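Residue numbers (numbering that gives the first Met the number 0): 0 to 195.
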Amino acid sequence: MTSRKGQARRAQVVDIALHRFAAHGYRGVSLATIAQEAGISEAGLIHHYPTKPALLLAVLDHYEAGSIELMKAARETSDGSFTGAWLALAASHEADPTYIRLFTVLAAESVAPEHPAHVWFVERYERVRGRITEAFAADQAAGRIRPELSPELCARQLVAMFDGIQLQYLLAGGALDLVTPLRELLDSFTDSSSRA
């Protein structure tokens with residue numbers, strides 16, 4: 000198999016696994032099911048991803064890379080604000096809730112320390128909170144975030160709110176708006192004179 004074909008097959012397998020894990024969780028999906036849907040043998044799948052945990056981590060890395068890329072593009076096309084990037088991510092998730100379901104289901108499963116994604120989620124939350132804290136600190140230095148606020152606390156609030164509103168969105172069958180509550184939280188971090 001050529002390198003290009005191998006890359007295409009790996010991407011196909013990750014996409015199928017992403018959708019299956021989102022719908023059924025990690026434990027609810029077998030490698031055989033993913034291989035069958037991809038039109039390859041289980042041995043062929045194992046050639047690309049030697050274990051189910053390796054495939055799971057590839058799916059999660061794909062999810063995170065896509066989110067980072069989307070937010071980066073949103074910052075570049077807007078005023079460079081961090082707020083615009085988060086609102087773009089929320090709108091994207093609202094348009095395709097597969098990513099909300101994937102993240103929410105796997106995050107809940109990974110609370111168990113023996114889950115193969117436990118360490119990934121612990122480290123991811125640390126990375127995300129760190130990046131948000133840095134972005135809020137930069138926005139605060141530029142006068143876009145209220146000076147009395149703690150960038151670290153704002154980061155924790157944003158992550159908690161984003162995860163919570165996505166869970167509520169799923170439980171409501173997509174009937175809730177993700178963007179408006181997120182916008183209101185982010186607006187609460189800005190200059191208090193604009194909220195008087």
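C-beta atoms are modelled at their ideal positions from N, C-alpha and C, and glycine is treated no differently.
Quantities reported herein were computed from a predicted structural model and do not represent experimental measurements.
Next item on the list: With DSSP as the reference, label residue 98 as helix, strand or coil.
Entry: If DSSP states are grouped into helix, strand and coil, residue 98 belongs with the helices.
Next item on the list: Confirm, please, whether the CB-CB distance from residue 101 to residue 20 is below 8 Å.
Entry: Result yes, Cβ atoms of residue 20 and residue 101 sit closer than 8 Å.
Margin query: Here's the rule: buried if 16 or more other CB atoms are within 10 angstroms of the residue's CB, otherwise exposed. What is residue 58?
Written below: Classification for residue 58: buried.
Check: Under a Cβ-count criterion, where at least 16 other Cβ atoms within 10 Å of its own Cβ denotes burial, should residue 23 be classed as buried or exposed?
Finding: Its Cβ having fewer than 16 others within 10 Å, residue 23 is exposed.
Notebook entry, point to check: In whole angstroms, what is the alpha-carbon distance linking residue 34 and residue 49?
Noted result: Roughly 12 Å separates the two Cα atoms.
Check: Using the C-alpha atoms, what's the distance from residue 188 back to residue 2?
Finding: Distance between residue 2 and residue 188, taken at the CA atoms: about 48 Å.
Margin query: Can you list, in chain order, the residues of its chain with a C-beta nearer than 6 Å to that of residue 36? Leave out the 5 residues immediately preceding and following it.
Written below: Closer than 6 Å at Cβ, skipping near neighbours: 15.
Next item on the list: Label residue 150 either buried or exposed according to how many other C-beta atoms from any shown protein chain fall within 10 Å of its C-beta, with 16 as the threshold for buried.
Entry: Looking at its Cβ environment, which holds 16 or more other Cβ atoms inside 10 Å, residue 150 is buried.
Notebook entry, point to check: In whole angstroms, what is the alpha-carbon distance linking residue 152 and residue 111?
Noted result: Their Cα atoms are separated by approximately 26 Å.
Note to self: Using the three-state DSSP reduction, which class does residue 61 fall into: helix, strand or coil?
What the structure shows: The answer is helix: DSSP assigns residue 61 an H, G or I state.
Note to self: Residues in the same chain with beta-carbon distance under 7 Å from residue 69, minus the five sequence neighbours each way, listed in chain order, please.
What the structure shows: For residue 69, where only same-chain residues beyond five positions count, the Cβ hits under 7 Å are 87, 88, 91.
Next item on the list: Enumerate, from N- to C-terminal direction, the unbroken alpha helix (DSSP H) stretches of 4 or more residues contained entirely within the stretch 28–88.
Entry: Qualifying alpha helix (DSSP H) stretches, in chain order: 30–37, 41–47, 51–76.
Check: Around the C-beta of residue 4, are 16 or more other C-beta atoms found within 10 angstroms, so that it is buried, or is it exposed?
Finding: Around the CB of residue 4, fewer than 16 other CB atoms lie within 10 Å, so the residue is classed as exposed.
Notebook entry, point to check: Does DSSP put residue 170 in a helix, in a strand, or in coil?
Noted result: It is helical.
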